[in-house]
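Chemist: Here's a structure for you.
Following this line, the structure appears as structure tokens:
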């Protein structure tokens with residue numbers, strides 16, 4: 001409710017908290033959840049040492065070859081966090097990503113199944129769909145009212161992500177199996193560390209060059225697992241680096257606890273480019 005446009009696929013399109021300080025995530029989530037807050041049990045404290053941490057530094061096998069490997073700073077942010085949390089009593093275990101061999105197909109295929117959701121809202125005639133190819137041509141000339149990313153993703157949706165319908169349905173069934181296995185691994189006290197994206201912040205309009213890597217974070221959204229991005233400082237170019245921590249459904253508070261713990265140890269979010277108006281100085 002309140003999301004525009006109103007999504008039919010509420011499992012992947014929903015509202016979540018974003019805060020300046022990690023310790024405020026649980027408070028804001030309690031407010032956002034409203035009458036559903038009891039499902040998250042956010043007010044019951046959890047000890048960091050009771051959280052088991054699984055991690056991976058990227059995809060495995062052929063899927064790993066087809067994806068861009070995380071840059072060194074991205075992988076180091078995870079390893080640094082693991083060392084810190086291990087010293088605080090957390091059990092740490094590296095896990096295989098072999099079950100995610102079709103992560104990109106599952107992610108992009110899920111978009112094609114959302115027929116009621118359109119990335120291009122026709123402001124003049126809401127019930128009439130915009131022509132993607134026409135808008136693409138206009139975008140090249142800088143005349144389209146839509147962003148290029150919206151056009152790219154609408155093209156993927158309308159053209160079935162260049163996959164046959166029967167294959168998309170096969171990947172949907174595979175996603176259900178993957179969801180069950182991943183939830184069993186995490187259990188009630190487990191979290192999973194994984195790169196949010198293989199590179200730091202992108203240059204404007206360059207995201208299309210990394211389209212084959214959207215499943216780094218998208219796959220968990222599609223599977224219905226809460227994910228929280230943890231900032232871990234900057235790389236040598238001053239760009240922010242970090243990773244995501246994923247938990248089982250309704251176990252968001254485990255992610256929030258990890259976020260607060262790492263914020264206490266590493267300072268949390270900091271301004272990428274210091275300037276005279278920096279309120280934190």
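In full-length UniProt numbering, the protein residues as written are 1 to 281. A virtual CB, placed ideally from N, CA and C, is assigned to each residue, including glycine. Keep in mind that this is a model prediction, so the values were computed, not measured.
1. DSSP on residue 94, reduced to helix/strand/coil?
2. Can at least three beta-carbon pairs, one atom from the segment 248-256 and one from the segment 171-187, be found at a separation below 8 Å?
3. Express the C-alpha separation of residue 143 and residue 256 in angstroms, rounding to a whole number.
4. Here's the rule: buried if 16 or more other CB atoms are within 10 angstroms of the residue's CB, otherwise exposed. What is residue 154?
5. Is the number of C-beta pairs between the segment 204-213 and the segment 34-51 that are closer than 8 Å three or more?
6. Can you find at least 3 beta carbon pairs, one from the segment 22-40 and one from the segment 160-168, that sit closer than 8 Å?
7. Taking the beta strand (DSSP E) that residue 55 belongs to, which residues open and close that run?
8. If you drop the 5 nearest sequence neighbours on each side, which residues of the same chain put their C-beta closer than 7 Å to that of residue 268?
9. Is the number of C-beta pairs between the segment 132-140 and the segment 191-205 that are closer than 8 Å three or more?
10. In angstroms, rounded to a whole number, what distance separates the CA positions of residue 207 and residue 136?
11. Can you have a look at residue 72 and say buried or exposed, based on whether 16 or more other CB atoms are within 10 angstroms of its CB?
12. Apart from the five residues on each side of it in sequence, which residues of its chain come closer than 8 Å, Cβ to Cβ, to residue 149?
13. Using CA atoms only, rank isn't needed, just tell me which of 235, 168 and 216 is closest to residue 227.
14. For residue 227, write down the residues that DSSP places opposite it in a beta bridge.
15. Using CA atoms only, rank isn't needed, just tell me which of 203, 244, 271 and 270 is closest to residue 81.
16. Let me know if residue 110 comes out buried or exposed under the rule of 16 or more other beta-carbons within 10 Å of its beta-carbon.
17. Tell me which same chain residues have a C-beta within less than 8 Å of the C-beta of residue 132, skipping the five on either side of it?
18. Enumerated in chain order, which unbroken segments of the alpha helix (DSSP H) with a length of 4 residues or greater are wholly contained in the segment 127-159?
19. Using only CA atoms, which one of 95, 203, 15 and 176 lies nearest to residue 193?
20. Beta-carbon within less than 6 Å of residue 107's beta-carbon, same chain only, minus the 5 sequence neighbours each way: which residues are those?
21. Taking just the CA atoms, how far does residue 51 sit from residue 87?
22. Go ahead and label residue 281 buried or exposed: buried means 16 or more other beta carbons lie within 10 angstroms of its beta carbon, across all protein chains shown.
23. Taking the Cβ atom as the reference point for each residue, do residue 103 and residue 59 lie within a distance shorter than 8 Å?
24. Whole-angstrom Cβ separation of residue 229 and residue 242, contact assumed at under 8 Å?
Modeler: So, from the data block:
1. The residue labelled residue 94 in the question sits at position 94 within the chain shown. Looking at residue 94 - three-state DSSP - the assignment turns out to be strand.
2. yes
3. In the chain shown, the residue the question calls residue 256 occupies position 256. In the chain shown, the residue the question calls residue 143 occupies position 143. Looking at the two C-alpha atoms, the distance is approximately 43 Å.
4. Start at 1 with the first residue of the chain shown, and residue 154 comes out as number 154. Result: buried.
5. no
6. no
7. Taking the chain shown and counting its residues from 1, one reaches residue 55 at position 55. Here the beta strand (DSSP E) through residue 55 covers 52-55.
8. Counting from one through the chain shown, the residue named residue 268 turns up at place 268. 21, 22 and 231, listed in sequence order.
9. no
10. Residue mapping note: residue 207 aligns to position 207 of the chain shown, counting from 1. Residue mapping note: residue 136 aligns to position 136 of the chain shown, counting from 1. Going from the Cα of residue 207 to the Cα of residue 136 covers about 16 Å.
11. What you label residue 72 is simply residue 72 of the chain shown in a count that begins at 1. Residue 72 comes out exposed.
12. For this step, residue 149 is matched to residue 149 along the chain shown. Result list for residue 149: 207 and 208, in chain order.
13. Against the chain shown, residue 227 aligns to sequence position 227. Closest by alpha carbon: 216.
14. Taking the chain shown and counting its residues from 1, the one referred to as residue 227 is at position 227. 246.
15. For this step, residue 81 is matched to residue 81 along the chain shown. For the residues 203, 244, 271 and 270, the minimum Cα distance to residue 81 belongs to 244.
16. In the chain shown, residue 110 corresponds to position 110, counting from 1. The residue is buried, with at least 16 neighbouring Cβ atoms inside 10 Å.
17. Numbered from 1 along the chain shown, position 132 holds the residue referred to as residue 132. These residues qualify, in order along the chain: 120, 151, 154, 155 and 158.
18. 132-140 and 148-158
19. The sequence position of residue 193 within the chain shown is 193, counting from 1. Nearest option by C-alpha distance: 95.
20. If you number the chain shown from 1, residue 107 lands on position 107. Excluding sequence neighbours, residue 107 sits near 215, 218, 219 and 222.
21. One-based indexing of the chain shown puts residue 87 at position 87. One-based indexing of the chain shown puts residue 51 at position 51. Going from the Cα of residue 87 to the Cα of residue 51 covers about 13 Å.
22. Within the chain shown, numbered from 1, the residue matching residue 281 stands at position 281. Legend: pLDDT at residue 281 = 49, less than 50; position of this residue unreliable, no value from coordinates given.
23. Stepping through the chain shown from its first residue, residue 103 is reached at position 103. Stepping through the chain shown from its first residue, residue 59 is reached at position 59. Yes. Within cutoff.
24. Residue mapping note: residue 229 aligns to position 229 of the chain shown, counting from 1. Residue mapping note: residue 242 aligns to position 242 of the chain shown, counting from 1. Residue 229 to residue 242, Cβ: 6 Å. Contact.
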